[in-house]
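Residue numbers (our numbering): 645 to 958.
The following block contains the structure:
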């Protein structure tokens, strides 16, 4: 009976996909007073539903030139404004299917501004004074973790496997340190691994921890397992950041803010499932529910692994 049940869970999981980080990126470089060269990047799959940009009424754009690479459509044009765009609004439309849109503006005086627009926040007001801190990358990291289903289910399984708060701190710290290392090394180009391979291996880590979580025997989950798995997940985070790049002069700060955004989102997720497990760990019904959740996550992990491995060869 359990085998039949697991089979149906696998079939169900085929309708479940992990989150894809598909940001658009609008870059404005001021070439002369109030005149900008513009590049808009957005994923290939949205070429028939591309994001629309509404500039201040004092600005007019030239004819758009389109090109593409493996991942993105690239629109290039000039923007002429009769006055400064600082203090004005830029509005994004057609973001329903895109995770976010990152706006990067490099001004003639050497200052820069970056912000995030999304389907619930379509307008960006360009401030009169620019911050020296690239907070947009904090928002990107935070958003990526919260919408990254594969990373979230991995964290949930980690919590299932850890007994006690101190052990949880050790495991989460090891995972955090590890993915911080590989995120930085990968994004800086010091270590490069195919993103398709990394995504497949991340799916394998989910299967591994889900199977362990489904085992009703109480077993210890060493921190160094979490460290090893964290190294793989760091490469995944780096791939997400590489999709949009860092278009300012604060590379180290931007990387730090992106990483901190991931950590804060991670800390926001962990307490609720941990407290539920802490208070109901001796309840037999809850143990069965926990087992069921682990099996479902394992089934989803199997689907992701198969889907991603096939993607490597297509």
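By construction, the Cβ of each residue, glycine as well, lies at the ideal position given by its N, Cα and C atoms.
- First through last residue of the beta strand (DSSP E) which encompasses residue 710: That run of the beta strand (DSSP E) goes 709-712.
- Query: Anyone know if the C-beta pair for residue 752 and residue 667 falls short of 9 angstroms?
  - Reply: The Cβ atoms of residue 752 and residue 667 do not sit closer than 9 angstroms to each other.
- Query: Is the beta carbon of residue 812 sitting closer than 9 angstroms to the one on residue 914?
  - Reply: Yes, the Cβ-Cβ distance between residue 812 and residue 914 is below 9 angstroms.
- In this structure, does DSSP put residue 757 in helix, strand or coil? Residue 757 falls in the strand class under three-state DSSP.
- Message: In the DSSP assignment, the beta strand (DSSP E) including residue 748 goes from what residue to what residue?
- Response: Looking at the DSSP string, the run of the beta strand (DSSP E) that includes residue 748 is 745-750.
- Message: Using only the alpha-carbon positions, how far apart do residue 820 and residue 840 sit?
- Response: Distance from the CA of residue 820 to the CA of residue 840, rounded to the nearest whole angstrom, comes to 22 angstroms.
- Under the three-state DSSP convention, the category residue 715 falls into: Three-state result, residue 715: coil.
- Message: Measuring alpha carbon to alpha carbon, tell me which residue in 900, 733, 766 is nearest residue 831.
- Response: Checked all of 900, 733, 766; the closest Cα to residue 831 is 900.
- Any alpha helix (DSSP H) of 4 or more consecutive residues that is wholly inside the region 870-945: For the region 870-945, whole alpha helix (DSSP H) runs of length 4 or above, ordered along the chain, are 895-913, 915-924.
- Query: residue 688 and residue 710 look like a contact to me (Cβ under 8 angstroms); what is the Cβ gap, rounded to whole Å?
  - Reply: Distance from residue 688 to residue 710 at the Cβ level is roughly 12 angstroms; contact not present, criterion being Cβ atoms closer than 8 angstroms.
- Item | Minimum C-alpha distance to residue 723 - residue among 736, 703, 733 | Nearest to residue 723 by C-alpha distance, out of 736, 703, 733, is 703.
- Item | The beta strand (DSSP E) enclosing residue 680, as first and last residue numbers | Taken as a continuous stretch (DSSP letters only), the beta strand (DSSP E) holding residue 680 covers 679-687.
- Task: Just list the beta strand (DSSP E) runs in the region 812-865, keeping only unbroken ones of 3 residues or longer that don't cross its boundaries, in chain order.
- Result: DSSP runs (the beta strand (DSSP E)) wholly in the region 812-865: none.
- Query: Per DSSP, residue 669 forms a beta bridge with which residues?
  - Reply: Per DSSP, 685, 746.
- Task: Pick helix, strand or coil for residue 730, following the three-state DSSP scheme.
- Result: Annotated three-state conformation of residue 730 is coil, per DSSP.
- Task: Confirm, please, whether the CB-CB distance from residue 874 to residue 823 is below 9 angstroms.
- Result: It is a contact, given that the beta carbons lie within the stated cut-off.
- Own chain, CB closer than 6 angstroms to residue 749, minus 5 neighbours either side, in chain order: Correct list, in chain order: 672, 757.
- Message: Which of the three DSSP states is assigned to residue 808 in this structure?
- Response: Assignment of residue 808 by DSSP, reduced to helix, strand and coil, places it in the coil class.
- Item | First through last residue of the alpha helix (DSSP H) which encompasses residue 789 | Where residue 789 is concerned, the enclosing alpha helix (DSSP H) stretches over 779-791.
- My guess is that residue 858 and residue 938 are in contact by the Cβ rule of under 8 angstroms, so how many angstroms apart are they, rounded? Correct: roughly 4 angstroms between the Cβ atoms.
- Task: Using alpha carbons as the reference points, say which of 895, 884, 781 lies closest to residue 908.
- Result: Residue 781 is the option with its Cα nearest to residue 908.
- Message: For the pair the region 917-936 and the region 760-775, tell me if three or more CB-CB distances fall below 8 angstroms.
- Response: With a cut-off of 8 angstroms, the region 760-775 and the region 917-936 do not count as touching, because too few Cβ pairs lie within range.
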